[in-house]
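Right, one structure below, let's go through it.
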Amino acid sequence: MTFKVVHYINQFYAGIGGEEKADWKPEVREGVVGPGMQLAKLLGEDAKIVATVICGDGYYGEHTDEARAACLEMIGKYKPDLFIAGPAFNAGRYGFACGDISASVGAKFGIHTVTAMYPENPGVELYHKKTYIVVTPDSARGMGKALPAMAALALKLVKGEKMGPARLEGYISRGMRKSFFNEKSGAERAAEMLLAKLKGEPFRTEYEMPVFNKIPPAPAVKDLKHATIALVSSGGVVPVGNPDHIRVSSAESYGTYDISKLDAMTPETFQSVHGGYDRTFVNENPNVVVPLDVMREFEKQGVFGKLYPYFNTTTGTGTAVAFAEKFGREIGAKLKKDGVDAVIFTST
Amino acid sequence: MTREIEKASGVPVVQIATIVPIMLTVGANRIVPGVAIPHPVGNPALGPEGDKEVRRELIRRAFKAMTTEIDTQTIFEKE
Chain Y
9 MTFKVVHYIN
19 QFYAGIGGEE
29 KADWKPEVRE
39 GVVGPGMQLA
49 KLLGEDAKIV
59 ATVICGDGYY
69 GEHTDEARAA
79 CLEMIGKYKP
89 DLFIAGPAFN
99 AGRYGFACGD
109 ISASVGAKFG
119 IHTVTAMYPE
129 NPGVELYHKK
139 TYIVVTPDSA
149 RGMGKALPAM
159 AALALKLVKG
169 EKMGPARLEG
179 YISRGMRKSF
189 FNEKSGAERA
199 AEMLLAKLKG
209 EPFRTEYEMP
219 VFNKIPPAPA
229 VKDLKHATIA
239 LVSSGGVVPV
249 GNPDHIRVSS
259 AESYGTYDIS
269 KLDAMTPETF
279 QSVHGGYDRT
289 FVNENPNVVV
299 PLDVMREFEK
309 QGVFGKLYPY
319 FNTTTGTGTA
329 VAFAEKFGRE
339 IGAKLKKDGV
349 DAVIFTST
Chain D
497 MTREIEKASG
507 VPVVQIATIV
517 PIMLTVGANR
527 IVPGVAIPHP
537 VGNPALGPEG
547 DKEVRRELIR
557 RAFKAMTTEI
567 DTQTIFEKE
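Same order as they appear, the protein sequences are chains Y and D.
Residue numbers are given in our numbering: position 318 of the first sequence equals residue 326, and the series is strictly consecutive.
Residue numbers are given in our numbering: position 61 of the second sequence equals residue 557, and the series is strictly consecutive.
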């Protein structure tokens, strides 16, 4: 029997366009599109991609309910045995869409779903328990590795073959435990693990401790009229010419710029270099990402005390989590030292 | 970044962006849903005055968020 597969990709991999077409509404095409061609070859005789559903990353992110419903209807018509989305690598909106549609297809039709992305993609934390996410490198240069891994896992799943632990099968753990009898007792294994740890030898925990990403909310501002507020953004808005060469993607630095003499952002003074969204709007009027004009109005009216003279900015696409956290710690420390009372952080 | 700025500074950080589930995942505590990915704090389709009015409403919501005591992640929607 040949299993029927439906593939999901975004507007870019479908060859429709880049950021300027990110608002592309869901559509379905017969057979393969883009990377589906190679994926179909890798799936071989056992499975056939009968259709490809395409949706713009921006549309899925901004109109998630409508996009999901439209895609589910298109997918349902084919009655697939298997659903594959992506690979999304480190593209955040694409990862979010792939994870969401895979999880939804699995829940609605009860079939196996496989997607693929880089472990830091926000789609992972949101959906790793609801679909199989194959681990990929952080960019499309890894396509040659990602597709074979996705095809292999997908075939194993749809054929009902025995699966090993996530790390051996190459997908991100779904947090499911399968009991089995070990040759050694727990006491022996614990003693061995402790001895290895004491000797500085490698060991692997049997139960991963969860990493907590949330912090208790900071106390509210009590006196807005006298508060100093700082603007920070990850929308890649920098002085024209990008004097500090902040990267368009995978930023490893942030900039700090004096905005004390400005009443508004203007295209003559600022531009965006962010490689992950359509910059048409922000480059005509940077205030739609960094709300300086309106903040100055409210400041002059006395709604709040003072706008912090420095604007901290970086590009928030493909940014390594470690760098983002570093920027946050440094900016936070500086703002504390300078007596800032609150921050407005705008992201794209 | 949002989470680390709040942790290091001890002051409220209000995040304005469009994909709310992502903001919740990364640990933003005070969230104001933005207009759209390429223009979170404005709406150019409404012309210069319309766009500015949208921006004012979002910033007023940000002021509300920063002056409201909360004990868990909170989304401040339009009233």
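Cβ atoms here follow ideal geometry from the backbone N, Cα and C, with glycine treated the same way.
Computed from a predicted model, the values in this text were never measured in an experiment.
Residue i versus residue j: straight-line alpha-carbon distance, rounded
i         : j         : result
Glu292(Y) : Pro247(Y) : 14 angstroms
Glu303(Y) : Pro227(Y) : The sequence shown places Met at residue 303(Y), not Glu. Roughly 22 angstroms separates the two Cα atoms.
Ile512(D) : Val550(D) : 13 angstroms
Tyr135(Y) : Phe335(Y) : 27 angstroms
Gly172(Y) : Pro534(D) : 42 angstroms
Met125(Y) : Ile180(Y) : 9 angstroms
Glu53(Y)  : Thr10(Y)  : 7 angstroms
Leu270(Y) : Val298(Y) : 12 angstroms
Ala198(Y) : Glu338(Y) : 40 angstroms
For residue i, three-class secondary structure by DSSP
i         : result
Lys186(Y) : coil
Asn221(Y) : coil
Asn295(Y) : helix
Ala55(Y)  : strand
Asp231(Y) : coil
Gly118(Y) : coil
Leu542(D) : helix
Met273(Y) : coil
Phe91(Y)  : strand
Phe11(Y)  : strand
Ile555(D) : helix
Ser242(Y) : coil
beta-carbon residue i near the ligand ZN non-hydrogen atom, thresh 7 angstroms
i         : result
Val113(Y) : By its list of ligands, the structure shown contains no ligand whatsoever, and the ligand ZN lies outside what it can speak to.
Partner residues on chain D for residue i, Cβ-Cβ distance less than 8 angstroms
i         : result
Met303(Y) : Ile555
Tyr285(Y) : Ile533, Pro534
Gly66(Y)  : Ala532, Ile533, Pro534
Asp252(Y) : Those do not exist, as Asp252(Y) stays about 17 angstroms from chain D at its closest Cβ, beyond 8 angstroms.
Lys164(Y) : Here the premise fails: no neighbours, minimum Cβ distance about 29 angstroms.
First and last residue of the uninterrupted alpha helix (DSSP H) at residue i
i         : result
Thr322(Y) : Thr322(Y) -> no alpha helix (DSSP H), and no H or E assigned at all.
Tyr68(Y)  : 65-70
Arg197(Y) : 194-207
Lys344(Y) : 329-345
Thr498(D) : 498-505
Leu520(D) : 516-521
Pro130(Y) : 130-135
Phe97(Y)  : Counting along the chain, Phe97(Y) falls outside any alpha helix (DSSP H), and DSSP gives it neither H nor E.
Val302(Y) : 300-308
Amino acids of chain D, ordered along the chain, whose beta-carbon sits closer than 9 angstroms to that of residue i
i         : result
Thr354(Y) : Gln511, Ile512, Ala513, Gly530, Pro536, Val537
Asn295(Y) : Val537, Gly538, Asp547, Lys548, Arg551
Lys308(Y) : The contacting residues do not exist; Lys308(Y) stays about 13 angstroms from chain D at best.
Beta-bridge pairing of residue i - partner residues as DSSP gives them
i         : result
Lys314(Y) : Thr236(Y)
Asn18(Y)  : Cys63(Y)
Within chain Y, partners of residue i - CB distance below 8 angstroms
i         : result
Ile518(D) : Gly100, Phe104, Pro130, Leu134
Lys503(D) : Ile223, Gly336, Arg337, Gly340
Within chain Y, the residues that residue i reaches when beta carbons sit closer than 9 angstroms
i         : result
Glu565(D) : Pro225, Pro227, Ala228
Where residue i meets chain Y, residues with beta-carbon distance less than 7 angstroms
i         : result
Glu500(D) : Glu333, Gly336, Arg337, Gly340
Gly543(D) : Per Cβ cutoff of 7 angstroms: no residues; Gly543(D) is ~11 angstroms from chain Y at best.
Residue range of the unbroken beta strand (DSSP E) whose run includes residue i
i         : result
Glu38(Y)  : 35-38
Ser280(Y) : 278-280
Ala513(D) : 509-513
Ile527(D) : 526-529
Phe353(Y) : 350-354
Gly263(Y) : 263-266
Interface residues of chain D facing residue i [CB-CB closer than 7 angstroms]
i         : result
Asp349(Y) : Val507
Glu70(Y)  : Thr514, Ala532, Ile533
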